[in-house]
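Student: Residues 1027 to 1482, numbered by the numbering used here, are exactly what the sequence shown covers, in order.
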Amino acid sequence: MMKIAVCVKIVKGEISPFDASAVEAALRLSRDVTVYSMAPESAKGKLSELTRLGVSAVLISDQRFAGSDTLATGYILSKALKKENYDIILCGRQSTDSDTAQVGPCISSKLGIPLIAYALDIKEENGTVICRTRLGDEQKKTPVLVTVERMFELRFPSFRSKVGTVTVLDAAGISADVKRCGLSGSPTKVIKTFYREESERKCRFIEPEELSGLIKKLSSKERVKLNIVPSEKKLKEIWAVGKEVKKQAEAIAEKVVYIDEKDPCVIAERAKKEHPEVILWNADLASRRDAPIAAAILETGLCADCTALETDGKKLYMYRPALGGDVTAKIECKTRPQMATVRTESDSADILLSIGRGAEPVSEKLRAFAKKIGAGVGASRAVVDMEAAPYEEQIGLTGKTASPKIYIAVGISGAVQHMCAVESAGSIIAVNPDKDAPIFKYADYGIIARAEDIIK
């Protein structure tokens, strides 16, 4: 029987939906499952609930772990996991509060085992783990770490199931060096946070019959470019992995060395010898998988999914969304090299039509309409949860980001968790029968109508 460990994060008393998916994936693979969580003692109750599913539970808790960033968290979890020999370690792709997707790759690097990221399904055959992922099909021999997308709904415990015990381990229990834990052991530091401001888009309302002409008009416009402001003072030289981050790199550095190598281990070994001040990566799926591996090898900080960079000529300051998109954090890295994954120009379709809960009853007609206007199709989390759209189409914090020329949101309310994923769209057209729907605050154009009214 396969021996499986699952790492989960408990936020406000609840398990991240990605981590819940990982627990369900483990239960489908084996009856020998142990759940690990690094959390305060207050999380013990939630872990006790999980034991009713037949899993063992380990709470890694020590006041000295408080404030750990992703590198410190990856170190702490890897020390706990080393106490046993697991065939498969599963992690949710990301948590919903920090959204970095770094801890899983970091753990795999610390343990020296292969990584499969963004798994959409998972099976095991004769010691080989086979996954369909967002980057294609992959298979690796065990032991292996797999990060899981939000593909599986966690089952409910049976009525007669019993609560098991939760093992609690502190720093001494996992032989952790406390200097590498908590705030003092974390190379990244949040300097300041800013509450998300309302969108600057000013919504102009139009009639349903005007939509076709508007789409033609907006389609002729050039794609909106990222607004990158060059720093007054620049760093002398930095590295950029690939040319995708060219504009961002040149805005903060006098000289940019472009790295064509894709293997994060090779990049890290070269960095050990050449000591770059900064390494920038694109915030695409591959780089969000690879950059944490390099950061773990280099024992340095990594800021994920940055929307802006600035420098005073010595330090790099990085800005990224946090807390579900409600907050922007300004972050610095205390170690070298300073590393970041950066949002760049997207290869999204020119037109993307997303289907929300309010439009789900006519989703098939909307798909036909999207095909007619040459649009790709997306969906809100609610529609995916209803199994009316595949997860691959989900737009939002727990799905994917998109920056098309034209984003048409049909029957979508406008929650910040959804809108933060499309804030780089050229034009946003909202269709909703509720004139007070929040979506209109983020839209350039609004149509107060039902979905049926735009596809007549």
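A virtual CB, placed ideally from N, CA and C, is assigned to each residue, including glycine.
Measuring straight from C-alpha to C-alpha, what distance separates L1103 and W1307?
Tutor: In the sequence shown, counting from the first residue as 1, residue 1103 sits at position 77. In the sequence shown, counting from the first residue as 1, residue 1307 sits at position 281. The straight-line gap from Cα to Cα measures roughly 25 Å.
Student: How is the alpha helix (DSSP H) around V1292 delimited, first residue to last?
Tutor: Position 266 of the sequence shown, counted from the first residue, corresponds to residue 1292. That run of the alpha helix (DSSP H) goes 1290-1300.
Student: Which partner residues of C1117 appear in the DSSP bridge assignment?
Tutor: Sequence index remark: in the sequence shown, residue 1117 carries index 91 (1-based). Partner(s): C1033, T1173.
Student: Quick one: is S1406 buried, meaning 16 or more other Cβ sit within 10 Å of its Cβ, or exposed?
Tutor: As a working note, residue 1406 is residue 380 in the sequence shown. Counting Cβ neighbours within 10 Å, S1406 comes out buried, since at least 16 surround it.
Student: Would you list the one or two residues that DSSP bridges to I1305?
Tutor: Reading the sequence shown from its first residue, position 279 is the one you call residue 1305. BP columns for I1305 point to W1265, M1365.
Student: Quick one: what's got a C-beta closer than 6 Å to I1305's C-beta in the same chain, skipping five residues either side?
Tutor: Your numbering for residue 1305 matches position 279 in the sequence shown. Hits under 6 Å: W1265, P1363, M1365.
Student: Have a look at the DSSP bridge pairing and note the partners of Q1165.
Tutor: Within the sequence shown, residue 1165 is the residue found at index 139, counting from 1. Paired residue(s): I1156.
Student: Go ahead and pull the three-state DSSP assignment for A1106.
Tutor: As a position in the sequence shown, residue 1106 is number 80, starting the count at 1. In this structure, A1106 counts as helix in the three-state DSSP scheme.
Student: Give the straight-line distance between the Cα atoms of G1211 and R1369, rounded to the nearest whole angstrom.
Tutor: Here residue 1211 is taken as the residue at index 185 of the sequence shown, counted from 1. Here residue 1369 is taken as the residue at index 343 of the sequence shown, counted from 1. G1211 and R1369: Cα-Cα distance of roughly 27 Å.
Student: How about I1285 and V1271: are their beta carbons less than 8 Å apart?
Tutor: For the purposes of this step, residue 1285 is taken as the residue at position 259 of the sequence shown. For the purposes of this step, residue 1271 is taken as the residue at position 245 of the sequence shown. Against a cut-off of 8 Å, the Cβ pair of V1271 and I1285 comes out as no contact.
Student: Using the C-alpha atoms, what's the distance from E1358 back to F1220?
Tutor: Walking along the sequence shown from the start, residue 1220 turns up at place 194. Walking along the sequence shown from the start, residue 1358 turns up at place 332. Their Cα atoms are separated by approximately 15 Å.
Student: Please list the terminal residues of the continuous alpha helix (DSSP H) segment that includes T1354.
Tutor: Here the question's residue 1354 lines up with position 328 in the sequence shown. Counting along the chain, T1354 falls outside any alpha helix (DSSP H), though it belongs to the beta strand (DSSP E) covering 1353-1359.
Student: Closest to K1218 by C-alpha separation, out of Y1343, L1261, S1201, would be which residue?
Tutor: In the sequence shown, counting from the first residue as 1, residue 1218 sits at position 192. Minimum Cα distance to K1218 is reached at Y1343.
Student: Which of the three DSSP states, helix, strand or coil, is assigned to A1456?
Tutor: Working through the sequence shown from its first residue, we reach residue 1456 at position 430. A1456 falls in the strand class under three-state DSSP.
Student: What is the rounded straight-line gap between the Cα of K1149 and the Cα of R1158?
Tutor: The count along the sequence shown starts at 1 and reaches residue 1149 at position 123. The count along the sequence shown starts at 1 and reaches residue 1158 at position 132. For K1149 and R1158, the distance between alpha carbons rounds to 9 Å.
Student: Could you give the C-beta distance for A1401 and I1434, rounded to a whole number, given that I count them as a contact under 8 Å?
Tutor: Stepping through the sequence shown from its first residue, residue 1401 is reached at position 375. Stepping through the sequence shown from its first residue, residue 1434 is reached at position 408. About 7 Å separates the two Cβ atoms, so the contact holds.
Student: Sort P1459, P1464, Y1468, A1463 by Cα distance to E1233 and report the nearest one.
Tutor: On the sequence shown, residue 1233 is found 207 positions in, with the first residue counted as 1. Among P1459, P1464, Y1468, A1463, the Cα nearest to that of E1233 is on P1459.
Student: Would you tell me roughly how many angstroms separate the C-alpha atoms of G1100 and G1327, rounded to the nearest one?
Tutor: As a working mapping, residue 1100 is identified with position 74 in the sequence shown. As a working mapping, residue 1327 is identified with position 301 in the sequence shown. Rounded to whole angstroms, the gap between the alpha carbons of G1100 and G1327 is 12 Å.
Student: Determine the DSSP secondary structure at V1388, reduced to helix, strand or coil.
Tutor: Against the sequence shown, residue 1388 aligns to sequence position 362. Three-state DSSP puts V1388 in a helix.
Student: Out of curiosity, what's the CA-to-CA distance linking A1197 and A1092?
Tutor: As a first step, residue 1197 must be located in the sequence shown, where it is residue number 171. As a first step, residue 1092 must be located in the sequence shown, where it is residue number 66. Their Cα atoms are separated by approximately 12 Å.
Student: Evaluate the contact criterion for the stretch 1417-1428 versus the stretch 1227-1243: three or more CB pairs, one atom per stretch, below 8 Å.
Tutor: For the pair of segments examined, the stretch 1417-1428 was found not to touch the stretch 1227-1243: the number of CB pairs separated by less than 8 Å stays below three.
Student: Do V1436 and V1457 come within 8 Å of each other at the CB atom, strictly closer than that value?
Tutor: Residue mapping note: residue 1457 aligns to position 431 of the sequence shown, counting from 1. Residue mapping note: residue 1436 aligns to position 410 of the sequence shown, counting from 1. Closer than 8 Å, so yes.
Student: I'd like to know whether the C-beta of K1035 is nearer than 8 Å to at least one C-beta of chain B.
Tutor: Looking at the structure shown, chain B is missing, and only one protein chain is on hand.
Student: Who pairs with M1027 in a beta bridge, going by DSSP?
Tutor: For this step, residue 1027 is matched to residue 1 along the sequence shown. Partner(s): none; M1027 has no beta bridge.
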